[in-house]
Amino acid sequence: MDEGNLSMQQGLRIMKERKRVAWILLLLAVLFAACWLPYNIMQLLLDINPSYTKHLSTFLPYALYLGKLKAVWMVIGRRRHTTIKI
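Start counting the sequence shown at 2; every next residue gets the next number (our numbering).
This is the structure we're talking about:
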């Protein structure tokens with residue numbers, strides 16, 4: 002193989018890796034928003050109208066757990082990723 006072909010292959014591989022990283026970052030952003038959005042909406046509703054306290058107080062802890070679940074997913078994903086690399 003000549004150097005031009007190797008350089009082109011390296012360039013394509015780098016572009017493929019950059020696309021993969023971009024998709025992972027997008028997935029993390031969507032996952033973060035999906036986990037914390039219910040909690041923030043409930044808090045906003047409580048700030049706007051405190052009379053919702055009775056109804057939302059039941060669901061608010063679960064929304065908070067959902068938000069914190071993202072951190073658990075990150076730890077599990079990190080462990081799985083490092084296990085695969087080794």
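Think of the CB as a built atom: it goes at the ideal place given N, C-alpha and C, for glycine as much as any other residue.
Since the structure is predicted, the reported quantities are computational estimates derived from the model, not experimental observations.
*For N50, name the three-state secondary structure that DSSP assigns.*
coil
*Do you know offhand how far A35's Cα is from L47's?*
20 Å
*Between the segment 22-38 and the segment 55-71, do at least 3 Cβ pairs fall closer than 8 Å?*
yes
*Return yes when the Cβ of L61 is within less than 9 Å of the Cβ of M43, no when it is not.*
yes
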